[in-house]
């Protein structure tokens, strides 16, 4: 992979990662509920899901999702149900009085947050099909493909970690501004609505021939 090709891919990664989606919503939700240090575990889980997606595309399995209506639908509807589950959890999230010295809400278990992030990315067939269409455009077929996939994977993960840190940190800062249960409840229900909206958008995704 030439430096020019990598730079083009690098810019594409920023555009893709900055685009609001279920991963960004999950990162902000975790930052809101647990603060930055604990909430960032969700972003790490998102990257594990991204690794799975890249591996699926590199192994050629992504072509199955692009051509098999059944495989695509099963993964899509699992993703829809999981996002609705997260919406329900966020809607029911407890509130508490926050002051300048108060720590963030009850700690989430790191492995639970990692698993949540992994499921969000791994259950998004649109992302797999999207990468199946995009990644090959940056490949030099005359060069070893494995090393190129590794470079692209590391680039995507690095960029996404930075972007999700921004989303998580932004939400964690918002937590400091919340002073009443009513404000927190409103924000929780806003995020619940965003999760539900992401689920609704996923139901509209169609497999392209």
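In the numbering used here, the protein residues as written are 612 to 820. A virtual CB, placed ideally from N, CA and C, is assigned to each residue, including glycine.
From the options, residue whose alpha carbon lies closest to that of residue i
| i | options | result |
| --- | --- | --- |
| residue 725 | 626, 763, 637, 619 | 637 |
| residue 624 | 814, 770, 797, 633 | 770 |
| residue 650 | 775, 743, 803, 663 | 775 |
| residue 665 | 689, 640, 766, 722 | 766 |
| residue 695 | 613, 730, 661 | 730 |
| residue 633 | 693, 662, 796 | 693 |
| residue 614 | 763, 658, 780, 757 | 763 |
| residue 801 | 697, 659, 681 | 697 |
| residue 796 | 644, 616, 681 | 644 |
| residue 689 | 735, 679, 616, 743 | 735 |
| residue 768 | 685, 660, 753 | 660 |
Beta-carbon proximity check, residue i vs residue j, cutoff 8 angstroms
| i | j | result |
| --- | --- | --- |
| residue 739 | residue 622 | no |
| residue 652 | residue 799 | no |
| residue 691 | residue 807 | no |
| residue 642 | residue 778 | yes |
| residue 646 | residue 783 | yes |
Between the CA atoms of residue j and residue i - distance to the nearest angstrom
| i | j | result |
| --- | --- | --- |
| residue 733 | residue 761 | 18 angstroms |
| residue 635 | residue 627 | 11 angstroms |
| residue 773 | residue 751 | 27 angstroms |
| residue 746 | residue 619 | 12 angstroms |
| residue 662 | residue 793 | 39 angstroms |
| residue 728 | residue 683 | 20 angstroms |
| residue 699 | residue 805 | 11 angstroms |
| residue 720 | residue 654 | 14 angstroms |
| residue 639 | residue 781 | 7 angstroms |
| residue 814 | residue 785 | 30 angstroms |
| residue 687 | residue 681 | 10 angstroms |
| residue 756 | residue 723 | 34 angstroms |
| residue 617 | residue 759 | 10 angstroms |
| residue 704 | residue 658 | 25 angstroms |
| residue 742 | residue 803 | 28 angstroms |
| residue 685 | residue 749 | 29 angstroms |
| residue 629 | residue 753 | 31 angstroms |
Residue i: CB within 7 angstroms of a non-hydrogen atom of the ligand HEM
| i | result |
| --- | --- |
| residue 738 | Annotation note on the ligand HEM: not contained in the displayed structure, which lists no ligands. |
Item to check | Length-filtered (4 minimum) alpha helix (DSSP H) runs lying within the region 618 to 693 | outcome: 633 to 669, 673 to 678
Item to check | Segments of 4+ residues assigned as alpha helix (DSSP H) that fall wholly inside the region 731 to 782 | outcome: 736 to 745
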